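Read through the structure below, which is laid out as structure tokens, and then see the notes.
Now the structure itself:
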């Protein structure tokens, strides 16, 4: 077997501030004038290693799945390998041609027709005009947009747009292909089509690196896998072994995330959230089985008497949509105010809220909880975001179709189907 | 370390990388970027390409009647021919370095999401500009018919001077583009620089009005502003008169080549970090 790709000591350091902000010349001069001492202190504080000391090699024809939680360095690795950004340490080398697909619709222009965009995006991704001309019919057929090929893509539905974008990318034929989560687009039917296209690409002896959250897809497509956590490689080897490590790791991380305590905010409004705990008291966890109720416990400190104080919970999907919200007086006995709004007078002291989300309700996946204390006149007194829970279907209660990562939709409903023959 | 691999990438910043082979490999991308800009420019406009004709024609008329009359132009032929011959090459230069400088920031999405030789961006602008030049040439041909002027054999000088214009425009954007990626100050002062250069390039009036190019201010202006020579060169090509080969001009053409080579090196050393900074 020949090596297709080799990395040694690969690392990427980001300087916070510099990474996101475009600053002007005067800022820069100002920093310079602050002197070196200030600069070195700043460096140690504001430096983040997105990827650290990564070594691995990949033989030609292998399909490597790169998995890890959000922010573990997966995308950074792909950006380095695709030469979009340079490594801060280490080096890597590869054989043959490489193409990367980090987003759907790279180089598309809204004003131009589908046909123009195929050429534009194709040449941006590294195809030659000749290659595109040979495959143009195939690309159009794959995208299923024959009759709209001369229409500007701004008039396309989002489904058509995504199909066209993927179709161009699917016809790149590099020796090494880097893919970032492109399967998470389009409708289920098109996702299946993409998956089978990817399988055939992998089957042609190409080397593929595939970043995904979708363990089902990783298991099906990849010949080996690599698990990253906080920029460090935690596990590398066979797919089953790494997927298991991923789940174990998630559970551990979930436990670590399950109990969160907070300091009193400096600009406290007299009431603040002291801690949030997920899961059972004896077994706190932010990972919950789809059939188990998710238990939430919130501790609140009230320093001043409040005429009205309620707790609000928002549950958001990974895409940021609020799925539902729930607040403390709902279903409780509270004083009904003059304007028919529930008022909850709260004298000072320490309070503990306990709630349990019904199950089955949330589909498998990650969800964000947002918890807020709301005082009189709907003033937000304190709020905590980015509390993540993961719902897993550990017992396979809802995965009737092996090809699917999850049942359709953000919520599940346990429905018993009865089939009778007339 | 990495023997046997075709492509090697290390954390160390390379001093000089030309990567001309890679640039040539990706020439199709350049072609489609030029086509893209041309197509987008007149999308959803009723008059379409007619606008491209109107713009230089209108400028020429305005300058002829309001400025040309007020200035003492020592030129035998009609002023519109004189002005347009300078304006078209000036526009090619100004748009090349202006759009070229902005092209990196304008294509930030592309730079963040896909690898390609970044130098394609400033270079393709020089070719984009050629479409305007061709259109201006059509107007110029029309004016020639109107005034009964016929360019002579000197017209072939247009080719080397056009090449020099593109080289100068690209050279400036190779320097200013990467700086603008980090400091957006550049794009703020760009219009001002362009206006000052326009005045200092003797587009509206003969270089004689700037003084002699043999010595003094005129000499140094012509050394550091190659457009003085280039505009004169284009007039030589289209109108058959002018001397773009004075000592100061020749020095400035040499400086353009140096500026370009230095620009390539500067661009290549900064391009690796574009995606992080942009």
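Chains as they are written, first to last, in our numbering: chain P, 1 to 422; chain C, 1001 to 1278.
Every residue gets a Cβ at the ideal spot worked out from N, C-alpha and C, and that includes glycine.
Just so we're clear, the structure is a prediction, and the values are computed from it rather than from any experiment.
- Of all residues in the segment 349-360 of chain P, none places a beta-carbon less than 8 Å from a beta-carbon of chain C.
- Of the residues assessed, residue 126/P falls on the buried side of the cut-off, its CB having 16 or more other CB atoms within 10 angstroms.
- At least one CB atom of chain C sits nearer than 8 Å to the CB of residue 119/P.
- Put simply, the segment 1157-1166 of chain C does not touch the segment 1182-1199 of chain C. Fewer than three CB pairs are less than 8 Å apart.
- Interface annotation for the segment 1030-1044 of chain C against chain P: 1030, 1031, 1032, 1033, 1035, 1036, 1039, 1040, 1043, 1044, criterion Cβ-Cβ distance under 9 Å.
- Restricting attention to 1125/C, 1240/C, 1090/C, the CA atom closest to the CA of residue 1155/C is found in 1240/C.
- In its chain, beyond the 5 residues on either side, 1213, 1214, 1222, 1229 have a beta carbon closer than 8 Å to the beta carbon of residue 1246/C.
- Here residue 256/P is exposed, its C-beta having fewer than 16 other C-beta atoms within 10 Å.
- In the DSSP assignment, residue 119/P falls within the alpha helix (DSSP H) that extends over 114-125.
- Under the DSSP assignment, residue 7/P falls in the beta strand (DSSP E) whose first and last residues are 3-15.
- For residue 207/P, the pairing in a beta bridge is given by DSSP as 176/P.
- Sequence-ordered contacts of the segment 92-104 of chain P with chain C read 92, 93, 94, 95, 96, 97, 98, 99, 100, 101, 102, 103 [C-beta pairs closer than 9 Å].
- In chain order, 1011 make up the part of chain C whose C-beta sits under 8 Å from the C-beta of residue 89/P.
- Within the model, the alpha-carbon separation for residue 374/P versus residue 284/P is close to 26 Å.
- Interface residue (Cβ-Cβ distance to chain C less than 8 Å): residue 274/P is not classified as such.
- Taking CB atoms only, residue 109/P has a neighbour in chain C less than 8 Å away.
- Here residue 324/P is exposed. Its C-beta has fewer than 16 other C-beta atoms within 10 Å.
- When C-alpha distances from residue 1084/C are compared across 1056/C, 1094/C, 1104/C, 1109/C, the shortest belongs to 1056/C.
- Going by C-alpha positions, residue 259/P is about 54 Å away from residue 132/P.
- For residue 310/P, the enclosing beta strand (DSSP E) has its first and last residue at 310-316.
- Listed along chain P is no residue with a C-beta nearer than 7 Å to that of residue 1189/C; the closest approach is about 10 Å.
- Shortest Cα-Cα distance from residue 279/P to any of 387/P, 267/P, 161/P, 72/P involves 387/P.
- Between residue 1159/C and the set 1037/C, 1231/C, 1006/C, the nearest pair of CA atoms involves 1231/C.
- When CB distances to chain P are screened at a threshold of 9 Å, the residues of the segment 1109-1143 of chain C falling below it are 1109, 1110, 1111, 1112, 1113, 1114, 1115, 1116, in chain order.
- Of the other Cβ atoms in all chains shown, 16 or more fall within 10 Å of the Cβ of residue 249/P; this residue is therefore buried.
- Counting along the chain, residue 100/P sits inside the beta strand (DSSP E) bounded by residues 98-101.
- Under DSSP, residue 233/P shares a beta bridge with 228/P.
- At a C-beta separation below 9 Å, residue 83/P has these neighbours in chain C: 1007, 1009, 1115, 1272.
- At a cut-off of 8 Å between C-beta atoms, residue 112/P counts as an interface residue with respect to chain C.
- The three-state reading of DSSP puts residue 104/P in coil, since its state is none of H, G, I, E or B.
- Taking a 10 Å sphere around the C-beta of residue 1091/C, we find 16 or more other C-beta atoms and assign the residue as buried.
- Inclusion of residue 1088/C and residue 1140/C in the CB contact set at 8 Å is warranted, their separation being smaller than that value.
- Not a single CB atom of chain C sits nearer than 8 Å to the CB of residue 55/P.
- When DSSP reads this structure, residue 1058/C sits in no beta bridge, so it has no partner.
- Between the beta-carbon of residue 84/P and that of residue 1112/C there is about 7 Å, and that keeps the pair under the 8 Å contact cut.
- Pairing residue 136/P with residue 114/P gives a Cβ-Cβ distance that is not under 8 Å.
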